[in-house]
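K.L.:
Just dropping this structure here.
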Amino acid sequence: MRRAPRNAVLAFAARIMRLVPHRDSDSDGLTTIRDTRHHAHRAGFAGLGSGPLDPHTERSGTPNPPRLMLLVCGKAAVTGGECLLTDGQALHSDLFTGDREAGVALARPRTAFFGAGDGHATQVFTVHHDMRVSVRLRFDGLARWNPTVQPYLPQLRAAAVRHQVRLTLAPGQGYLLDNERWLHARRAFTGDRLFWRALGQPLFPMPRGFAPAPASVRTPMLSEAG
Ligand SMILES: [Fe+2]
């Protein structure tokens with residue numbers, strides 16, 4: 359029996375994740391992403407407009423953002439609206455090569471505050487005890503920065519954009535990403551673009567974050583000592 363697309367997305371999501379409800383999600387747990395024409399100018403609601411979105415982590419202002427994000431196209435835009443994905447491993451490598459200053463600063467604990475008043479004090483790169491790394495980022499009005507990382511934000515933004523991969527999705531196509539590794543963004547669009555989003559925790563084991571690329575595994579301390 360052929361399922362309606364939305365139900366097919368929900369059925370697939372339920373096989374791989376425990377869905378986490380979101381402020382904007384519907385009663386079945388999926389969120390309909392479209393231009394509602396009355397959310398665009400509110401901080402934290404830009405996804406429900408038609409403007410471009412900067413690279414970001416989903417739910418960056420919560421203590422434990424959902425690990426998985428599934429985004430599926432229901433209706434393509436007339437113009438624009440492409441999905442843009444940045445591999446956090448590439449971003450991490452980029453900022454830990456050369457003088458490494460940017461990467462080191464952005465890995466210092468509690469140098470960012472993401473979210474509104476009930477947001478979360480955190481950092482762009484979190485190094486876990488096994489030396490794997492998670493990325494967490496947003497650039498919108500709900501990001502506040504410690505003065506020690508502020509000088510590196512232009513470099514961070516440029517690198518996050520430079521490593522973007524562009525996906526032009528047709529109805530029925532989508533992507534599934536690890537929200538501790540990949541940043542997502544979008545180009546501005548016209549038309550009645552409609553996507554369905556599922557956020558959740560995986561129903562299978564996943565080690566935290568990602569393994570840094572070989573070129574960027576030296577710790578700051580070793581590097582500075584050398
Ligand atoms: Fe998002």
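Be aware that the sequence shown starts at 359, since it is given in this note's numbering, and climbs by one per residue.
C-beta atoms are modelled at their ideal positions from N, C-alpha and C, and glycine is treated no differently.
So ASP536 is in the beta strand (DSSP E); what residue range does that whole segment cover?
P.N.:
Segment 532-536, the beta strand (DSSP E) holding ASP536.
K.L.:
Between PRO570 and the rest of its own chain, which residues show a CB-CB distance below 8 Å, the 5 nearest in sequence each way excluded?
P.N.:
So the qualifying residues of the chain are GLN447, HIS450, SER451, PHE454, MET489, ARG490 and VAL491.
K.L.:
Nearest-angstrom Cα distance between PHE568 and ALA518?
P.N.:
Cα to Cα, PHE568 sits roughly 16 Å from ALA518.
K.L.:
What does the Cβ neighbour count give for HIS486, buried or exposed, with the cut at 16 atoms within 10 Å?
P.N.:
So HIS486 ends up on the exposed side.
K.L.:
Which same chain residues end up closer than 8 Å to GLY530 when comparing Cβ atoms and leaving out the 5 residues on each side of it in sequence?
P.N.:
Same-chain partners within the cutoff: PRO363, VAL430 and CYS431.
K.L.:
Using CA atoms only, rank isn't needed, just tell me which of GLY558, ALA546, THR444 and THR469 is closest to PRO379.
P.N.:
Ranking the options by Cα distance to PRO379, first place goes to GLY558.
K.L.:
Quickly, what does DSSP pair LEU541 with across the bridge? List them, please.
P.N.:
Partner(s): THR444.
K.L.:
Quick one: Cα of HIS671 to Cα of ALA573, how far?
P.N.:
What the structure shows of the chain is the stretch from 359 to 584, and residue 671 is not part of that stretch, so it cannot be assessed.
K.L.:
Can you look up PHE454 in the DSSP assignment and give me helix, strand or coil?
P.N.:
Correct three-state label for PHE454: coil.
K.L.:
Using the rule of at least 16 other Cβ atoms within 10 Å of the residue's Cβ for burial, across every protein chain shown, is PRO396 buried or exposed?
P.N.:
The amino acid at residue 396 is misidentified as Pro; the sequence shows His. So HIS396 ends up on the exposed side.
K.L.:
Say yes only if the C-beta of GLY477 is nearer than 6 Å to one or more non-hydrogen atoms of ligand 1, and no if none qualify.
P.N.:
Outside the cutoff, so no.
K.L.:
When you compare each of ASP550, ARG539 and LEU535 to ALA371 by their alpha carbons, which one comes out closest?
P.N.:
Closest option to ALA371, Cα to Cα, is LEU535.
K.L.:
Do you know offhand how far ARG496's Cα is from PRO467's?
P.N.:
Cα to Cα, the separation comes out at about 16 Å.
K.L.:
What does DSSP give as the partner residues of LEU552 in its beta bridges?
P.N.:
According to DSSP, which records beta bridges pairwise, LEU552 is partnered with ARG392 and LYS433.
K.L.:
Take ALA301 and list the residues in its own chain whose beta-carbon comes closer than 7 Å to its own, dropping the five residues that flank it on each side.
P.N.:
No answer is possible for residue 301: it lies beyond the span of the chain, which begins at 359 and ends at 584.
K.L.:
I want to check one thing, is the minimum distance from the CB of GLU459 to the heavy atoms of ligand 1 below 6 Å?
P.N.:
No, since every heavy atom of ligand 1 falls outside the 6 Å radius drawn around the Cβ of GLU459.
K.L.:
With ALA434 and THR548 assumed to form a contact (beta carbons below 8 Å), what rounded beta-carbon distance in angstroms separates them?
P.N.:
Contact doesn't hold; Cβ gap of about 11 Å is too wide.
K.L.:
Can you give me the C-alpha to C-alpha distance between ARG515 and ASP498, rounded to a whole angstrom?
P.N.:
Looking at the two C-alpha atoms, the distance is approximately 12 Å.
K.L.:
Does LEU541 pass the burial test, meaning 16 or more other C-beta atoms within 10 Å, or should it be called exposed?
P.N.:
Label assigned to LEU541: buried.
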